[in-house]
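Novice: Taking the working numbering, the leading residue of the sequence shown gets 90, the next gets one more, and so forth. Attaching a single structure in structure tokens format; questions to follow.
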Amino acid sequence: MIQIIANIRSRYRWALLAIAILSSASALLIQFMFFVQKDDAHIINVAGKQRMLSQKIAWHSNAMVTDIGSNIRLHRDVLAKASAEFRAGHEFLVQQHSNGDYLYLDDQLVAYYFSSPINLAQTSLAYLAKVQLLLNAPSASKAEKRFTIAEVERLLKDLDGAVTLFEQQAKFKTRVLSNLELAFWLLTLVLLFIELKFIFQPMELQITAAINKYQQQKLRAEQISTYKERFIARASHEFRTPLQGLVDSIEQLQLSESQQALQKQAKYCASRIVSMLDELHELQQFNTGQWQLKFIKRNLITTLESAITPFQFACDNKQLKFEVKLSSELDRYTEFDHLRLQQIITELLSNAIKFTSTGQVSISVSYQDGHIKIVVADSGVGFAQCYPYLNHHSIEQGNDFQGLQTGLARVQHIVSAMQGGIEFKDVIPHGAQIKIRLPLSKAALLTNQGNLPAQLHCLIVEDNLLNATILSRILTELNYTVEVAENGLIATQKITESEFNVIFMDLNMPVMDGFQAIDIIRQELNSTVPIIVITANTAPSDLERTYELGSNVHVYKPFSVADIKKALMNVFNEG
Numbered sequence: 090m091i092q093i094i095a096n097i098r099s100r101y102r103w104a105l106l107a108i109a110i111l112s113s114a115s116a117l118l119i120q121f122m123f124f125v126q127k128d129d130a131h132i133i134n135v136a137g138k139q140r141m142l143s144q145k146i147a148w149h150s151n152a153m154v155t156d157i158g159s160n161i162r163l164h165r166d167v168l169a170k171a172s173a174e175f176r177a178g179h180e181f182l183v184q185q186h187s188n189g190d191y192l193y194l195d196d197q198l199v200a201y202y203f204s205s206p207i208n209l210a211q212t213s214l215a216y217l218a219k220v221q222l223l224l225n226a227p228s229a230s231k232a233e234k235r236f237t238i239a240e241v242e243r244l245l246k247d248l249d250g251a252v253t254l255f256e257q258q259a260k261f262k263t264r265v266l267s268n269l270e271l272a273f274w275l276l277t278l279v280l281l282f283i284e285l286k287f288i289f290q291p292m293e294l295q296i297t298a299a300i301n302k303y304q305q306q307k308l309r310a311e312q313i314s315t316y317k318e319r320f321i322a323r324a325s326h327e328f329r330t331p332l333q334g335l336v337d338s339i340e341q342l343q344l345s346e347s348q349q350a351l352q353k354q355a356k357y358c359a360s361r362i363v364s365m366l367d368e369l370h371e372l373q374q375f376n377t378g379q380w381q382l383k384f385i386k387r388n389l390i391t392t393l394e395s396a397i398t399p400f401q402f403a404c405d406n407k408q409l410k411f412e413v414k415l416s417s418e419l420d421r422y423t424e425f426d427h428l429r430l431q432q433i434i435t436e437l438l439s440n441a442i443k444f445t446s447t448g449q450v451s452i453s454v455s456y457q458d459g460h461i462k463i464v465v466a467d468s469g470v471g472f473a474q475c476y477p478y479l480n481h482h483s484i485e486q487g488n489d490f491q492g493l494q495t496g497l498a499r500v501q502h503i504v505s506a507m508q509g510g511i512e513f514k515d516v517i518p519h520g521a522q523i524k525i526r527l528p529l530s531k532a533a534l535l536t537n538q539g540n541l542p543a544q545l546h547c548l549i550v551e552d553n554l555l556n557a558t559i560l561s562r563i564l565t566e567l568n569y570t571v572e573v574a575e576n577g578l579i580a581t582q583k584i585t586e587s588e589f590n591v592i593f594m595d596l597n598m599p600v601m602d603g604f605q606a607i608d609i610i611r612q613e614l615n616s617t618v619p620i621i622v623i624t625a626n627t628a629p630s631d632l633e634r635t636y637e638l639g640s641n642v643h644v645y646k647p648f649s650v651a652d653i654k655k656a657l658m659n660v661f662n663e664g
């Protein structure tokens, strides 16, 4: 693939370079031709003016002879000025370079000006000489210096021919420029055709072949992934069925004290098999995007003890001291993902025991500031010795790290999904410590369901009329009063006008969405009224954002009466 990209880049650069060179040459040629032609209009104007001046000179010359009185002076002044302009125009048209070449005359014009039969330069100078004689002659002899009609007509005809030649010269330059532009355009088309034929078509074929190749590989990989997922699902199901009976059988065994060690060993081994099956199953869910938290109501102490107890055997087997501290505050029924909590405990203890050869392993779980705090410590090698499950190159570590090598990644994913935090720390002089904080609201620590408030004034912020109607009906049947706002902007206005006991907030709405509305309610209006998010968004990032902004509880759509009641009890019962 890298070679294909390199070939495409090289061909593309050569094609662009060729086009750039051709375009630059065309632009430079146009600029040169414009420079050459920039004086053509002025030259033609000067040549045309020579015709007018010749007639003007002839008229005033004859007027000096025929008129009398004060008009003679006027004719003389005009004649002197016109002859000076005629001389200047003639000198401009026939001026030369330092090397002797004429500036504005081509070969045809040079012959026209300086060769027979026209010899326009000689005729023009003779015309000017006669004017000068007329200006200098006494009044008595002026009649002899008059211009004849034949002289004037001849000069006018010759000057007109010069103008025509100058115009033909300018047209020729324009035609040359047009032909050159056409040639460059055709050359550009030829170049583009060559690039298409020898650069872009081979490039397209190469890319198509590469895409087809990788498409086949992708399809093959997808088939393998599908087969793998089916195998994992089937194997997990087939293993869990007999394991369930095995675990129950181990629990039901009535053994003597001497055989209880074997029972502990069996429990430990069964729990590890279940843990690995869970790991494989969740790995499959990660790949398919189906992984999500599963909340159930269960006693938290029971959950923790069932996960921790099997590790007593592993510590006894390695002659390690095993310390367990569980806070009495956790002896409550909680709405929590108990299975994922057990997975976290199992993975942390497994790693701690695995990398501890002497000393002790300890775990403490407590409830502090609305969080479950889990601390797992050991006297093993510590993170400074590169715990393999924190090393990105752990697969290259040999057989030091056994198992499926996905455990800690799974723990970090679970902690993140629960909006918790995890911290790794070295213990001096040796050992490691892992701290995890998982949010658990006080409402989740209720020993009973509690009671619903007797009276509530509710604000429903929902743009969907059907959802708003259903929620209004549920709340009305609970004997609560209800107001509805179609979007967050209307909701913020209503809050400033009326007092509400609870707000049911949708997230995706026009004008102002639920995120912005929650932020304004908490930050600008400084309202502490409970906010229950009612949403179809299941993305953890969206829910995390609503809690950061200040919401209290969330309910997924579609919701039921039980969902609404449970959310209200979580908000208004403090346990």
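C-beta: ideal position from N, C-alpha, C; glycine also. No experiment lies behind these values; they were computed from the predicted model shown.
Counting pairs of Cβ atoms below 8 angstroms between the stretch 421-428 and the stretch 379-399, do you hit three or more?
Specialist: Enough Cβ pairs lie closer than 8 angstroms, so yes.
Novice: Measure the CB-CB distance between L529 and H427 and report whether it falls below 8 angstroms.
Specialist: Looking up residue 529 in the sequence shown gives position 440. Looking up residue 427 in the sequence shown gives position 338. No. Outside cutoff.
Novice: Ends of the alpha helix (DSSP H) at V650?
Specialist: Indexing the sequence shown from 1 puts residue 650 at position 561. Looking at the DSSP string, the run of the alpha helix (DSSP H) that includes V650 is 650-661.
Novice: Excluding five sequence neighbours on each side, which residues of the same chain lie with their C-beta closer than 7 angstroms to the C-beta of T277?
Specialist: The residue given as residue 277 occupies position 188 in the sequence shown. Correct list, in chain order: L111.
Novice: Between the stretch 171-186 and the stretch 212-221, do three or more beta carbon pairs fall short of 8 angstroms?
Specialist: A contact exists between the stretch 171-186 and the stretch 212-221.
Novice: In chain order, what residues of the same chain have a beta carbon less than 6 angstroms from the beta carbon of G639, not counting five sequence neighbours either side?
Specialist: Locating residue 639 in the sequence shown gives position 550, counting from the first residue. Contacts found: I607, R611.
Novice: Using DSSP with H/G/I as helix, E/B as strand and the rest coil, what is Q306?
Specialist: Position 217 of the sequence shown, counting from 1, holds the residue named residue 306. Q306: helix per DSSP, three-state reduction.
Novice: With a Cβ-Cβ cutoff of 8 angstroms, do F175 and L224 count as a contact?
Specialist: In the sequence shown, residue 175 corresponds to position 86, counting from 1. In the sequence shown, residue 224 corresponds to position 135, counting from 1. No, the Cβ-Cβ distance between F175 and L224 is not below 8 angstroms.
Novice: Which residues in the same chain have their Cβ closer than 8 angstroms to the Cβ of T55, if we skip the five residues on either side of it in sequence?
Specialist: Only positions 90 to 664 of the chain appear in the structure, and residue 55 is not among them; the question remains open.
Novice: Return the CA-CA distance between T237 and F121, expressed in angstroms with no decimal places.
Specialist: As a first step, residue 237 must be located in the sequence shown, where it is residue number 148. As a first step, residue 121 must be located in the sequence shown, where it is residue number 32. Looking at the two C-alpha atoms, the distance is approximately 46 angstroms.
Novice: I need the straight-line Cα distance from G250 to F273, nearest angstrom please.
Specialist: Walking along the sequence shown from the start, residue 250 turns up at place 161. Walking along the sequence shown from the start, residue 273 turns up at place 184. Rounded to the nearest angstrom, the two C-alpha atoms are 35 angstroms apart.
Novice: Applying the criterion that 16 or more other CB atoms from any shown protein chain within 10 Å of the CB defines a buried residue, is A95 buried or exposed?
Specialist: By one-based count along the sequence shown, residue 95 stands at place 6. The residue is exposed, with fewer than 16 neighbouring Cβ atoms inside 10 Å.
Novice: Based on Cα-Cα distance, which residue from I503, G520, K462, S453 lies nearest to A441?
Specialist: Working through the sequence shown from its first residue, we reach residue 441 at position 352. It is G520 whose Cα lies nearest to the Cα of A441.
Novice: For S439, which of helix, strand or coil comes out of DSSP?
Specialist: As a first step, residue 439 must be located in the sequence shown, where it is residue number 350. DSSP places S439 in helix when its eight states are reduced to three.
Novice: Express the C-alpha separation of A171 and L266 in angstroms, rounding to a whole number.
Specialist: By one-based count along the sequence shown, residue 266 stands at place 177. By one-based count along the sequence shown, residue 171 stands at place 82. The alpha-carbon atoms of L266 and A171 are separated by roughly 37 angstroms.
Novice: Within 10 angstroms of its Cβ, does T635 collect 16 or more other Cβ (buried), or is it exposed?
Specialist: The sequence position of residue 635 within the sequence shown is 546, counting from 1. Buried is the call here.
Novice: Could you pull out every residue in the same chain whose Cβ sits closer than 6 angstroms to the Cβ of V252, ignoring the five residues on either side in sequence?
Specialist: If you number the sequence shown from 1, residue 252 lands on position 163. A136, G137.
Novice: At the level of alpha carbons, what is the spacing between Q582 and V618?
Specialist: For the purposes of this step, residue 582 is taken as the residue at position 493 of the sequence shown. For the purposes of this step, residue 618 is taken as the residue at position 529 of the sequence shown. C-alpha separation (whole angstroms): 15 angstroms.
Novice: Is the Cβ-Cβ distance between F47 and I563 less than 8 angstroms?
Specialist: Nothing can be reported for residue 47, as the shown portion of the chain is limited to 90 through 664.
Novice: Suppose contacts are defined by Cβ-Cβ distances below 8 angstroms. Is N626 in contact with V642 by that definition?
Specialist: Walking along the sequence shown from the start, residue 626 turns up at place 537. Walking along the sequence shown from the start, residue 642 turns up at place 553. No; because the gap between Cβ atoms is not below 8 angstroms, this pair is not in contact.
Novice: Hey, quick one: how far does the beta strand (DSSP E) through I385 stretch, first residue to last?
Specialist: As a first step, residue 385 is located in the sequence shown; it is residue number 296 there, counting from the start. Residues 385-388.
Novice: Determine the direct distance from the alpha carbon of I339 to that of S616, and round the result to whole angstroms.
Specialist: Position 527 of the sequence shown holds residue 616. Position 250 of the sequence shown holds residue 339. Rounded to whole angstroms, S616 to I339 spans 56 angstroms at the Cα level.
Novice: Per DSSP, which one or two residues make a beta bridge with S453?
Specialist: Taking the sequence shown and counting its residues from 1, one reaches residue 453 at position 364. DSSP lists K414, V464 as partners of S453.
Novice: Return yes when the Cβ of I433 is within less than 8 angstroms of the Cβ of I39, no when it is not.
Specialist: The displayed coordinates of the chain run from 90 to 664. Any statement about residue 39 would go beyond what the structure contains.
Novice: Hey, how far is the Cα of R162 from the Cα of S213?
Specialist: The count along the sequence shown starts at 1 and reaches residue 162 at position 73. The count along the sequence shown starts at 1 and reaches residue 213 at position 124. Distance between the alpha carbons of R162 and S213: 25 angstroms.
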